[in-house]
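Residue numbers (this note's numbering), protein chains in the order written: chain A, 128 to 266; chain B, 128 to 266. Where is the CB? At the ideal position from N, CA and C, for every residue including glycine.
Protein chains: 2
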Amino acid sequence: MSARNTGVPALLNAALPRPVPSDEHDQCPVTDVLRRIGDKWTVLVVVLLGQRPHRFNDLHRGIETISQRMLTRTLRGLAEDGLVHREVLPTNPPSVEYSLTRLGRSLLEPLSILAEWAIENQPVIAASRRIHNPPSSKG
Amino acid sequence: MSARNTGVPALLNAALPRPVPSDEHDQCPVTDVLRRIGDKWTVLVVVLLGQRPHRFNDLHRGIETISQRMLTRTLRGLAEDGLVHREVLPTNPPSVEYSLTRLGRSLLEPLSILAEWAIENQPVIAASRRIHNPPSSKG
DNA sequence: CAGGATCCTCTCTGATACTG
DNA sequence: CAGTATCAGAGAGGATCCTG
Chain A
128 MSARNTGVPA LLNAALPRPV PSDEHDQCPV TDVLRRIGDK WTVLVVVLLG QRPHRFNDLH
188 RGIETISQRM LTRTLRGLAE DGLVHREVLP TNPPSVEYSL TRLGRSLLEP LSILAEWAIE
248 NQPVIAASRR IHNPPSSKG
Chain B
128 MSARNTGVPA LLNAALPRPV PSDEHDQCPV TDVLRRIGDK WTVLVVVLLG QRPHRFNDLH
188 RGIETISQRM LTRTLRGLAE DGLVHREVLP TNPPSVEYSL TRLGRSLLEP LSILAEWAIE
248 NQPVIAASRR IHNPPSSKG
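What follows is the structure, given as structure tokens:
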């Protein structure tokens, strides 16, 4: 019970002592990461690649509702950040294999913790939404 | 070294056994949470409220570059999900105090872990981006 | 003080068609 | 197979003006 029982984590508490860094917010690594994994498909792709490497159409079939365009963009963004490794295999026709880098795999841990929180508190959040968005206040 | 040394967290590994839940992805609580905190201001507001309760213009001044519109929307979303409590104080003119709920405070923990990861790996990510986005491949 | 209403811009996302 | 290019719609985000 060292850091587990800390109500307010030290890291977030120590930061932001000023009125408002303004442009510092744009360059904040936390904001940066959140905006990358906060899109529609990134996390799902990361999780799938966390299970095993995938080829492009392998992922495409694996997700079904994702468009090639978004899959391409998602993989591109992940590769650009060094979370995913893209390797062209010398087959015929050429195939491309995507896999998590060490950095990408390391993201799985904090992600799983957040996922655990989300799953655990889903009912509370859903209930709160129902209260604030009554289906219809009596008909 | 129970869960700390696990390369791939059990939670994420156990999930998604199927080809692709498709609509299940839209209702996934993890995706849901990520899309809420993945926007531009939510996390910053949560962190500020994690330090102490704030009034509306208190937050507005505290962030500076946020528009009233986005601050309103952000607080609204957070209150709707039950992460933030909105209380109208009987002052004249009326003031409104925002504070984290217990649910909101509980989010600080997983958030700080992700923040720690982001800060720790920021240099690697930035370096990867520079490699993939050369400022100009020589003239 | 704490917003609401309106207008505008940009990005995300998706559907479709085409290519090496 | 693994993409690229283009078009179109929805939502995020911001600026400005107005209100109780």
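Asked: Partner residues on chain B for A:H152, Cβ-Cβ distance less than 8 Å; Found: L171, I190, T192
Asked: Partner residues on chain B for A:L241, Cβ-Cβ distance less than 8 Å; Found: V157, V160, L161, P237, L238, I240, L241
Asked: For B:P156, the nearest candidate out of A:G209, A:A242, A:S149, A:R229 (CA to CA); Found: A:A242
Asked: Boundaries (first-last residue) of the beta strand (DSSP E) holding A:L227; Found: 222-227
Asked: Among A:E247, A:L176, A:G177, A:L205, nearest to A:M166 - alpha-carbon criterion; Found: The sequence given here places Asp at residue 166 of chain A; Met does not occur at that position. Of A:E247, A:L176, A:G177, A:L205, the residue nearest in Cα terms is A:L205.
Asked: Residue-level contact to chain A via CB, B:R256, 8 Å cutoff; Found: yes
Asked: Contacting positions in the segment 206-218 of chain B - beta carbon closer than 9 Å to chain A; Found: A206, E207, D208, G209, L210
Asked: Nearest-angstrom beta carbon gap, A:T158 and B:V174 [assumed within contact, 8 Å]; Found: Going by Cβ atoms, the distance from B:V174 to A:T158 rounds to 10 Å, so no, they are not a contact pair.
Asked: Short CB-CB distance (under 8 Å) between A:N248 and chain B; Found: yes
Asked: Residue interval of the beta strand (DSSP E) (run including B:R179); Found: Taken as a continuous stretch (DSSP letters only), B:R179 belongs to no beta strand (DSSP E), as it is neither H nor E.
Asked: A:S149 vs B:T192 beta-carbon contact at 8 Å; Found: yes
Asked: Contact under 8 Å by Cβ, A:Q178 with A:H187; Found: no
Asked: Cβ-based burial, A:N248 [other Cβ within 10 Å; buried from 16]; Found: buried
Asked: Short CB-CB distance (under 8 Å) between B:G266 and chain A; Found: No answer about B:G266 holds up, because its pLDDT of 33 lies below 50 and its placement is not dependable.
Asked: Bridge-paired residues (DSSP) for A:R257; Found: A:R257 pairs with nothing; no bridge assigned.
Asked: Cα-Cα separation between B:V172 and A:L176, rounded to whole angstroms; Found: 32 Å
Asked: C-alpha gap between A:G209 and B:D208, whole angstroms; Found: 33 Å
Asked: Residue environment, A:A254, which counts as buried when at least 16 other CB atoms sit within 10 Å; Found: exposed
Asked: Exposure label - B:A130; buried when at least 16 CB within 10 Å; Found: Any reading at B:A130 needs caution, since the residue's pLDDT is 41, under 50, leaving its predicted position unreliable; the model's value is listed next. Counting Cβ neighbours within 10 Å, B:A130 comes out exposed, since fewer than 16 surround it.
Asked: Cβ distance (whole Å) where A:L139 is taken to contact B:S239 below 8 Å; Found: 5 Å
Asked: 8 Å Cβ cutoff, A:H270 in contact with chain B; Found: Only positions 128 to 266 of chain A appear in the structure, and residue 270 of chain A is not among them; the question remains open.
Asked: Local conformation of A:L210 per DSSP, three classes; Found: coil
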